[in-house]
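One structure is given below, encoded as structure tokens.
Number of protein chains: 2
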Amino acid sequence: MSYRRLMLCAFFVSQFVAGQSKEEKMPREMPSYLLGYSSQNSEKEKQWEQKFREGIVPGNIRENMKRLSARPHHVGSPYDKDNAEWILSKFKEWGFDAHIETFNVLFPTPKQRVLELLEPTRFVAKLQEPVLSVDPTSGQTAEQLPTYNAYSIDGDVTASLVYVNYGNREDYEQLDRLGISVKGSIVIVRYGSGWRGIKPKVAAEHGAIGCIIYSDPKGDGYFEGDDYPSGGWRPRFGVQRGSVMDTDYPGDPLTPGVGATADATRLAIKDAKTITRIPVLPISYADAEPLLSALKGPVAPEGWRGGLAVTYHVGPGPAKVHLKVASDWALKPVYDVIATLRGRDDGQWVLRGNHFDAWVNGADDPVSGQSALLEEARMLGELHRQGWIPGRTIIYCAWDGEEPGLLGSVEWVETHVDDLKNHAVAYINSDSNERGFLESGGTQDLQSFVSSVARDILDPETSLTVLQRSRLDSIAKAKDAEERKNFRSHGDLLVHALGDGSDYTAFQDFAGISTLSIEFGGEDDGTQYHSIYDDFYWYTSFVDTNFVYGRALAQTIGTAVMRLADSDLIPVDYSPQFEAITKYEAELEKILKDKQDEFTERNLELQEGVFTATTDPRRPIAPPPAEAVPPYMNFAPMKNALEALKKSAEHYSKAVSAWRTNGSPELPEHAKQQANTDLMRVSRLFLNERGLPDRPWFKNQIYAPGAYTGYGAKPIAAVREYMDEKKWKEADEQIPQVAKIIESVSAGIEKAAQDIEGVLPQTP
Amino acid sequence: MSYRRLMLCAFFVSQFVAGQSKEEKMPREMPSYLLGYSSQNSEKEKQWEQKFREGIVPGNIRENMKRLSARPHHVGSPYDKDNAEWILSKFKEWGFDAHIETFNVLFPTPKQRVLELLEPTRFVAKLQEPVLSVDPTSGQTAEQLPTYNAYSIDGDVTASLVYVNYGNREDYEQLDRLGISVKGSIVIVRYGSGWRGIKPKVAAEHGAIGCIIYSDPKGDGYFEGDDYPSGGWRPRFGVQRGSVMDTDYPGDPLTPGVGATADATRLAIKDAKTITRIPVLPISYADAEPLLSALKGPVAPEGWRGGLAVTYHVGPGPAKVHLKVASDWALKPVYDVIATLRGRDDGQWVLRGNHFDAWVNGADDPVSGQSALLEEARMLGELHRQGWIPGRTIIYCAWDGEEPGLLGSVEWVETHVDDLKNHAVAYINSDSNERGFLESGGTQDLQSFVSSVARDILDPETSLTVLQRSRLDSIAKAKDAEERKNFRSHGDLLVHALGDGSDYTAFQDFAGISTLSIEFGGEDDGTQYHSIYDDFYWYTSFVDTNFVYGRALAQTIGTAVMRLADSDLIPVDYSPQFEAITKYEAELEKILKDKQDEFTERNLELQEGVFTATTDPRRPIAPPPAEAVPPYMNFAPMKNALEALKKSAEHYSKAVSAWRTNGSPELPEHAKQQANTDLMRVSRLFLNERGLPDRPWFKNQIYAPGAYTGYGAKPIAAVREYMDEKKWKEADEQIPQVAKIIESVSAGIEKAAQDIEGVLPQTP
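Line by line, the protein sequences give chains A and B. For the first sequence, position 339 (counting from the first letter as 1) is numbered 338 according to numbering that gives the first Met the number 0, and the numbering increases by one without interruption. For the second sequence, position 454 (counting from the first letter as 1) is numbered 453 according to numbering that gives the first Met the number 0, and the numbering increases by one without interruption.
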């Protein structure tokens with residue numbers, strides 16, 4: 000799994016602004032010390048960072064990829080373990096204190112898969128990605144996981160077929176208007192527009208008894224560009240594997256909230272809430288085309304039609320299909336490789352991770368990110384040998400088991416949550432890496448920081464910094480003049496909120512740790528996402544062929560890790576976070592207003608008879624149901640809390656500015672300790688130990704994935720998701736507790752500001 | 000040809016508002032007399048109209064269609080002449096004074112057509128629509144016109160191929176940025192987004208030496224719905240024939256501005272400006288697919304991709320094609336059937352027309368409209384026998400030669416232009432008719448009138464009037480709350496401006512006659528536009544199968560003809576026309592503002608380096624050229640003229656209202672004569688005898704087609720088209736003369752108002 004998919008789905012596209020304007024706005028006399036650094040440390044740091052960046056070698060990243068992706072290495076496979084041990088040996092070789100931490104998790108692997116069309120004609124789906132002679136690893140069939148969706152319940156069903164587009168909730172509203180029910184049917188749904196696990200979940204909620212997910216050529220096949228192997232796009236028989244675990248909690252389904260250690264108490268499989276309720280199977284469009292062609296019933300609405308040369312019908316039937324799925328449900332081991340480079344202060348940890356397990360060979364996902372991570376670690380080790388000792392302890396994490404459901408990182412965080420809460424400064428994640436523009440998600444307390452890093456990295460394709468290039472890309476892609484104006488007025492990279500697409504999830508959502516997720520992308524020449532063809536031959540033919548974006552990733556994240564580790568004060572800046580949360584609050588008000596307008600209009604049109612007057616009797620579409628217009632909600636508590644947050648963020652900035660204005664002298668050790676302890680604590684204050692309503696595992700009250708989006712972030716989920724459910728009263732009731740969280744964060748920031756001011760000479 | 004294509008292209012979608020609000024707003028004591036009628040005549044008229052509508056029989060329309068579409072009947076074919084004679088006999092049978100008027104026109108028919116792919120593989124295009132056993136007339140191959148584009152120049156060219164999307168000017172701007180020139184190439188272009196004749200015109204302007212136009216399945220094939228014969232949409236080998244005559248002037252290419260009578264002075268063919276500069280051939284997607292598949296080069300931009308199961312590339316090459324086209328350029332006869340029902344006042348004529356020639360069998364285009372027209376005429380004859388004598392003379396016109404280029408109507412209008420200017424009250428056109436919503440284009444002096452008619456016609460599918468149904472459809476399709484509000488506040492059908500898609504063109508654009516074009520549509524179950532499959536079997540299987548919309552069309556237009564013919568005063572209302580022209584003026588200001596903003600932004604981005612920073616070196620796209628920001632223009636003369644128009648329109652309304660308030664007494668004959676002469680004259684005042692810049696044939700200064708849109712209207716073309724060309728100074732210079740036209744129209748209306756007031760008792 001990779002949160003890059005989120006990008007493809009265009010759900011929450013990362014937006015960047017960059018450039019020099021921020022620096023230009025700084026008073027002329029302000030020295031360009033690094034944020035959070037004393038003057039002396041700042042200069043030293045810049046030299047070490049420079050050395051680090053110069054030492055990153057694309058050829059090494061290439062060799063890492065070649066080794067790690069040489070054979071299929073899914074959870075529980077021999078080569079997965081082999082990779083873990085190889086990574087361990089490398090960390091040790093580079094001077095890290097490294098070990099493997101093992102968890103035992105529920106990871107079903109396929110035993111039986113059958114998909115047949117029984118009526119009106121017979122067709123048996125191949126469910127197999129063919130070996131290609133040009134692609135040397137595509138023939139490792141004995142080691143490849145068959146095409147399947149992990150955590151599909153076992154099942155054997157036969158029923159008529161219905162096409163349900165992306166299978167989101169609004170698609171079923173459309174089906175209702177067409178008079179079509181999926182009750183007792185098997186649905187066929189296309190990949191895209193949200194996380195795959197939502198598709199069987201919503202299908203089951205509507206009474207479907209089976210779910211087939213296929214890759215339409217309009218999503219990632221010939222519609223987009225030449226397909227593999229002549230081009231990089233998904234070929235006719237290419238299949239997207241993937242987890243369909245439900246969104247209640249990530250990680251091992253049997254040990255929610257606690258580490259899946261050998262002696263952990265486990266749920267019975269039947270009690271695991273995150274296993275699907277109906278059987279699910281992913282297929283290629285070659286296997287889907289006969290099924291879709293056999294459907295009759297209404298022609299699919301225009302937005303539902305894909306790129307196949309067929310008329311897309313909705314059904315139900317006359318196509319009748321038989322779907323059978325059965326898995327081996329034995330526990331499997333995951334091997335997290337944890338490597339520590341101890342800092343002068345071992346009480347503060349900077350964490351950096353990327354998973355290494357793949358669905359098959361996984362050159363792009365995740366080896367492109369893991370290979371860069373290893374090159375970072377090698378070079379940090381090299382600097383260490385040359386005398387550099389990080390200020391804080393650095394922990395590199397090579398996660399296993401991300402693909403099935405963030406297993407490695409979630410179980411590790413659950414196991415070590417208390418230590419992490421005491422010691423973690425930040426977690427930086429990566430996953431797949433491609434060509435293009437720097438994108439960053441996470442918590443916006445690190446937005447100024449990551450922007451300062453991006454200002455120091457050169458884009459491999461242009462003479463610009465990656466910050467400048469991203470900023471210009473934002474201007475190019477802005478939807479209107481107002482958005483362009485906003486981008487032009489900012490000097491920063493805008494950090495977008497994260498959902499749960501990769502290993503940052505437990506850090507941010509469960510443990511309250513400041514998070515960044517970083518990657519390059521946006522210049523795709525194809526995708527073989529979760530296919531056997533996501534391999535070294537494909538990646539080096541069509542993606543970052545000379546690994547210069549691998550180098551850029553290692554340079555960006557390695558610099559960030561060093562700069563976070565060596566700063567005197569943790570280099571946070573709360574004003575961008577205030578701005579982001581203010582935007583999220585405004586979005587809630589807009590959702591309410593839009594729904595009020597929409598339902599008022601709909602009810603008026605129902606009264607006017609618009610729907611009945613305009614439906615074509617040959618293709619009748621029923622009117623939508625009348626809806627109660629949402630009542631006004633009281634956002635005042637949140638807005639008042641945001642006012643307080645604004646003041647405390649400004650106060651903290653002022654305190655740090657005063658230090659800089661004074662020439663950034665060394666701070667007394669106890670004062671640094673106190674301030675950094677304050678600052679680490681601020682991130683924890685986003686948590687509410689009761690968690691989100693109905694999703695207690697997710698404790699962060701500002702940052703969270705959606706129960707019905709998966710990858711997609713739903714900031715302030717406690718309020719937002721009730722609004723999505725049209726439960727206005729419940730949403731309203733959540734506002735005060737979110738406001739309290741913001742107030743508490745604000746008080747935490749205020750304390751840090753006061754503590755810093757306490758040790759500074761008074762400014763006149 | 001049918002202006003219905005305009006609708007499919009979503010260029011200028013007709014917008015309707017309807018309902019009771021207008022009537023509700025009338026003072027309670029105002030009697031519901033018909034607009035322009037004395038109280039006495041109003042009541043009589045309503046009874047006759049009621050009788051008319053009740054007499055329209057769907058079965059007759061069906062029989063008309065069966066007869067007229069029984070065999071191919073293109074210009075010059077035996078069955079075309081046979082149809083003309085049959086129509087003539089019918090008019091005579093129904094009591095009309097009818098004759099055939101013959102013109103001799105240049106109408107090329109194909110002698111040779113070759114299209115082959117020479118490299119990288121060989122493929123010979125079939126260029127043939129197959130006979131279908133279920134479709135009885137599809138086998139009349141001996142009489143069918145082969146698939147071709149009329150007025151393509153003869154040519155024999157071999158060159159590499161480039162795909163140019165719809166072939167509009169902005170598509171070539173995109174090609175420029177991709178670094179691709181079509182100079183010396185043959186272009187392949189898809190049907191849609193503007194009139195087909197623009198495609199070879201723009202291609203030739205960019206140096207292409209040949210043009211192939213194909214029907215993409217996304218335009219009207221399986222993407223839209225099941226294809227023929229299982230559904231109504233264009234099948235694999237279906238081809239759209241059609242004229243590609245240039246837009247300088249419609250009608251016979253050899254006799255611009257004068258009737259193509261036997262003794263007319265004719266241009267040499269080589270001097271005819273409206274013949275294409277490069278050879279053109281239309282093909283099916285079955286023939287296009289091997290060509291498109293053989294293209295390499297950049298992947299086509301997303302908006303350029305159609306519904307074929309291929310990756311759309313732009314080229315150029317390696318596909319190399321050979322295209323050969325040769326025609327028989329002999330003159331052919333067109334037979335207009337002109338049928339007169341003389342009114343009490345033979346000095347004022349109400350004209351009604353629909354063409355009868357087709358590309359092949361043409362059940363939909365144009366026989367669906369022609370069959371309704373004939374049923375109207377039958378019933379008018381019947382009323383006449385029962386004692387009804389129209390107030391004004393009614394002239395029914397069955398046009399020949401519309402498909403090649405409005406030949407029949409243009410030559411007739413050119414021949415009779417002086418008489419028409421003296422006598423014509425209005426021209427009402429129809430063409431293809433389908434199921435759905437009433438749509439009306441034309442001059443908005445008739446908007447209140449046509450709305451009043453639409454209020455009296457029942458929709459066959461609902462219990463609503465066609466006015467109500469159209470109004471509710473407008474609300475359903477409105478793009479935003481403001482548009483919905485506007486629709487809700489109006490009681491009228493909004494009449495949109497017409498381009499040149501059917502036989503109204505010469506009446507409106509050349510002779511300055513008030514015009515309406517009326518049809519039902521919007522509930523399509525397919526199209527076989529300009530194919531052999533547009534026939535009786537297809538139409539009665541998939542379109543208006545029981546001819547109830549044929550009945551609605553005959554009822555609507557027949558009622559309009561009667562109501563126009565019988566009124567005391569011509570039932571115009573200038574306020575809607577003032578509103579429409581005000582909107583067109585505002586559009587010009589918006590175009591200027593948008594271009595100023597666009598070019599300012601573009602130039603800024605060029606300066607910032609946005610384009611070079613964001614282009615992918617693997618798929619380079621050059622920056623667009625810098626553009627001079629347009630200067631401000633002086634719209635004041637037009638706005639001042641519109642103020643005058645507003646006042647005179649209100650004055651005229653007040654004068655008519657006063658008459659109604661007085662109980663609508665009979666007006667003295669001389670007063671009626673004077674007022675009606677005034678009113679007829681107002682429409683002529685839209686003309687400027689010099690015509691549009693570069694298009695002297697088009698004399699109407701408000702209503703005109705675009706030189707680069709064809710079907711699509713370009714109101715106030717003299718200004719607008721210079722703006723489209725970025726000739727801001729020239730555009731600015733046109734404003735005063737357009738203002739003068741509006742002032743002159745305004746003065747004409749003022750005179751009519753004063754003349755009416757002169758005969759009325761003074762209101763206190």
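All residues carry an ideal CB built from backbone N, CA and C; glycine is no exception.
Chain B within 7 Å of residue i, Cβ atoms only
i: P135 of chain A; result: no
i: G296 of chain A; result: no
i: T310 of chain A; result: yes
i: P616 of chain A; result: yes
Range of the contiguous alpha helix (DSSP H) that encloses residue i
i: P217 of chain A; result: Note that residue 217 of chain A is Lys in the sequence shown, not Pro. 216 to 219 is the span of the alpha helix (DSSP H), which, as asked, contains K217 of chain A.
i: W658 of chain B; result: 635 to 660
i: S38 of chain A; result: 38 to 54
i: T599 of chain A; result: 574 to 607
i: E756 of chain B; result: 727 to 758
Where residue i falls: helix, strand or coil (DSSP)
i: V163 of chain A; result: coil
i: T464 of chain A; result: strand
i: W767 of chain B; result: Chain B is shown only over 0 to 763; residue 767 of chain B falls outside these bounds and no answer can be derived.
i: A425 of chain B; result: strand
i: F610 of chain B; result: helix
i: A505 of chain A; result: helix
i: E626 of chain A; result: coil
i: P109 of chain B; result: strand
i: H764 of chain B; result: Look at the range of chain B in this structure, 0 to 763, and you will see that residue 764 of chain B is not part of it.
i: V349 of chain B; result: strand
i: D363 of chain A; result: helix
Enclosing beta strand (DSSP E) for residue i [first to last residue]
i: R391 of chain B; result: 391 to 398
i: I277 of chain B; result: Unbroken run through I277 of chain B: none, as it is neither H nor E.
i: I185 of chain A; result: 185 to 189
i: F436 of chain B; result: 435 to 441
For residue i: DSSP bridge partner residues
i: L114 of chain A; result: A:L322
i: H98 of chain A; result: A:I337
i: G764 of chain A; result: With chain A running from 0 to 763 in the structure shown, residue 764 of chain A is simply not present.
i: A83 of chain B; result: DSSP lists no partner for A83 of chain B.
i: V156 of chain B; result: B:L322
i: W232 of chain A; result: A:D226
i: G711 of chain B; result: Paired residue(s): none; G711 of chain B is not in a bridge.
Min CB distance residue i to chain A below 7 Å
i: Y284 of chain B; result: no
i: Q19 of chain B; result: Because Q19 of chain B carries a pLDDT of 36, less than 50, the predicted location of this residue cannot be relied on, and no value is offered for it.
i: V313 of chain B; result: no
- With contact counted as at least three CB pairs below 8 Å, one residue from each stretch, are the region 64 to 76 of chain B and the region 464 to 480 of chain B in contact? Inter-segment contact for the region 64 to 76 of chain B and the region 464 to 480 of chain B is absent: fewer than three beta-carbon pairs are separated by less than 8 Å.
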